[in-house]
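Residue numbers (this note's numbering), protein chains in the order written: chain R, 11 to 409; chain E, 552 to 864.
Everything below concerns the one structure shown next.
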């Protein structure tokens, strides 16, 4: 295995993503500012100003128009990108469904920030979790390196003929977006070869075959069949995500799967977590394991489609699992989105762990090691006693 | 370019017959007249916001458009097409495509004056090369006749009904053509399906400019205005003759009256033919509203004459 030449850099998450975008060199980027995403489009605008990309930059007047322009650009056969956060993603809501429904490949980094009200600019996952049923593929990142790597892989996943679905690359607001991180970047030429040339399946600009995109489909049409095909594409995405992650690993020495497991084989209980908190959780899990405590962890990378089969296989031997959710579903006691999904996935399993949910970090509330230790200690008691005292827990609330 | 009928009828129809728009609808007339002004040798990408035209011309698996076509949402036809236009420029610059394209939006007044206004304004400011045509029938007709900001004072719609406490829509319409002109784009025009040669000529100019162009076309709807379907063009003509809908253009900031109106007719001649104003003509009708409409039309007409450097009557 020959690892491609790389450069060691110190970059913020936003700079890492902007660099990935530059190396992808999309045909069109629609840019609109929102904290904490702004520095992505700012950085990319400078690349355009310096003539380092072929991209036509469209400085739209809202995120609604950013996603509209991306839909128009992808329909015109272009490789297109935008980036957003929070209220911006929420403003795009109806268009997220149109982008996936029209089966338009595109990549959108979303810097996770909570949704108002109260207005708050800090990290939680309620923005992208609100879009979990919009037919987009969701890839979570732990740090700037993963945000960079995911952005490059997302192009290949999105444009794969068996998938053709839009992909959001998720990185935690401020914690990843504004922290300086050591990372490896690839050479421009390596990225160019990896992402290859976009081959659209159809285009408004195909002079030989004028194309009608977004036709009206009523009661006697094929709406239901389109939606079933969309679900099929999501199912196809599992293998494509794995294949692209393996190929990327061969290229860079950093292989990617649908999730990353740590210490699970000999664990009796484990924590499942998304995004930047995985780093802190891993630290605490390592400490506890060094004291002989049988704890493991899973860092979930692919949230949509939800890798239920692999997760069932990974956790069914455990006595107890704690799911850490950085958003709530407000369903009156059902817990966070990852918790409800995993619990539902395990319903048919004969062997399954007891499950508890920890909702943490809303609006950027810090998750220190002590809180993880508190949750892990409670989880150990669940595993030992076989009893769940409190199913849904809020970690780090001021009391 | 010719605006002679014998030449125009030779051009291929880009909107084929057999679509599901109502008999007597002004919308497709506007579309066909504008497309007669499209340059030869160039391909078109047409966008529609959600509306009658969109749902009636692209019923899957059929399309009436002999061009590429895109529908995305209701409020974003301009933004959607701006992304296509920017991508076209990028692909063209990179040598990935060869053909030349023009980009055209046909949107109703709801999708243009109201919900699509921000998206339109953004496109005008950014200077995309695009012809935006509003086929204006002064209300949301696709959802069943609801008032928009293009609806005339006093008009009945299902959301501005007349009743004990109401004489129809309480506000004057918004002057969108002037608002678009205030964006200082190369070409803005107001036109009517009744004056086809004027409209074709305006479309030719709109297609030829290097930047955004906007045409606001009066295109009456007999279902919403409540008149016999064969009177669509007559109503559009009366709108011009009463100065309810003056025809003009703003070319690089220069205002120009394109149809002079001698012996301006009273607005009542236009209004009394329409059921949407019927309540104003009843015995107990609100004469004050009729007077206000005449006053408004007179005031706007005088203002326009001044803008166009014409002598006031």
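Virtual Cβ for every residue (Gly too), placed ideally from N, Cα, C.
These numbers were taken from a predicted model, which means no experiment stands behind them.
Query	Result
Exposed unless 16 or more other CB atoms sit within 10 angstroms - verdict on residue 394 (chain R)	exposed
Euclidean distance between Cα positions of residue 376 (chain R) and residue 108 (chain R)	36 Å
7 Å Cβ cut-off: residues of chain E touching residue 81 (chain R)	623, 631 and 634
First and last residue of the uninterrupted beta strand (DSSP E) at residue 826 (chain E)	Unbroken run through residue 826 (chain E): none, as it is neither H nor E.
Stretch pair the segment 161-180 of chain R + the segment 249-266 of chain R: three plus CB contacts closer than 8 Å	yes
Cβ neighbour criterion (16 or more within 10 Å) applied to residue 390 (chain R)	buried
First and last residue of the uninterrupted beta strand (DSSP E) at residue 85 (chain R)	Premise fails: residue 85 (chain R) lies in the alpha helix (DSSP H), 73-85, not in any beta strand (DSSP E).
Residue 648 (chain E): contacting residues in chain R (beta-carbon distance under 7 Å)	215
Touch test, the segment 19-28 of chain R against the segment 174-192 of chain R, Cβ-Cβ under 8 Å, three pairs minimum	yes
Continuous alpha helix (DSSP H) stretch holding residue 270 (chain R): start and end	Careful: residue 270 (chain R) lies outside any alpha helix (DSSP H), inside the beta strand (DSSP E) at 269-272.
Complete runs of the alpha helix (DSSP H) confined to the segment 764-832 of chain E [at least 4 residues]	773-776, 783-792, 818-822 and 829-832
Simplified DSSP assignment, three categories, for residue 701 (chain E)	coil
Beta-ladder partner(s) of residue 616 (chain E), from DSSP	E:566
Neighbouring residues, chain E, relative to residue 223 (chain R) (Cβ below 9 Å)	619, 620, 621, 622 and 623
Neighbourhood of residue 752 (chain E) by C-beta distance below 6 Å, restricted to the same chain and skipping five residues each side	554
Residues from the segment 46-76 of chain R in contact with chain E, defined by Cβ distance under 9 Å	64, 65, 66, 67, 68, 69, 70, 71, 72, 74, 75 and 76
Contact list for residue 677 (chain E) against chain R, beta-carbon separation under 9 Å	68, 69, 70 and 71
Residue 660 (chain E) burial status per 10 Å Cβ neighbour count (16 or more: buried)	buried
Residue span of the beta strand (DSSP E) that contains residue 120 (chain R), given as start and end	117-122
Closer than 8 Å at the beta carbon, the chain R residues around residue 673 (chain E)	70, 71, 72 and 75
Local Cβ density within 10 Å of residue 335 (chain R), reported as buried at 16 or more and exposed below that	buried
Contact set between residue 40 (chain R) and chain E, taken where Cβ atoms lie within less than 9 Å	630, 633, 634 and 637
Residues near residue 322 (chain R) by beta carbon distance below 7 Å, same chain, minus five either side	355, 356 and 359
Below-8 Å beta-carbon distance, residue 605 (chain E) vs any chain R residue	yes
Sequence-distant residues of the same chain with beta carbon closer than 6 Å to residue 77 (chain R), five excluded per side	102 and 105
Sequence-distant residues of the same chain with beta carbon closer than 8 Å to residue 512 (chain E), five excluded per side	This structure cannot speak to residue 512 (chain E), because chain E is shown only from 552 to 864.
Residue 632 (chain E) vs residue 654 (chain E) beta-carbon contact at 8 Å	yes
is_contact[residue 86 (chain R), chain E] using C-beta, thresh 8 Å	yes
Status (buried if at least 16 other CB within 10 Å, exposed otherwise) for residue 862 (chain E)	exposed
Beta strand (DSSP E) runs wholly inside the segment 271-298 of chain R, at least 3 long, in chain order	279-284
Spatial distance of residue 764 (chain E) from residue 802 (chain E) (CA atoms)	10 Å
Test: residue 34 (chain R) CB closer than 8 Å to a CB of chain E	no
Contact between the segment 38-52 of chain R and the segment 591-609 of chain E (3+ Cβ pairs under 8 Å)	no
Distance between residue 723 (chain E) and residue 859 (chain E) (C-alpha atoms, nearest Å)	22 Å
Other residues of its chain near residue 227 (chain R): CB distance less than 6 Å, five sequence neighbours each side excluded	233
In chain order, each alpha helix (DSSP H) run of at least 4 residues that lies wholly inside the segment 326-362 of chain R	347-355
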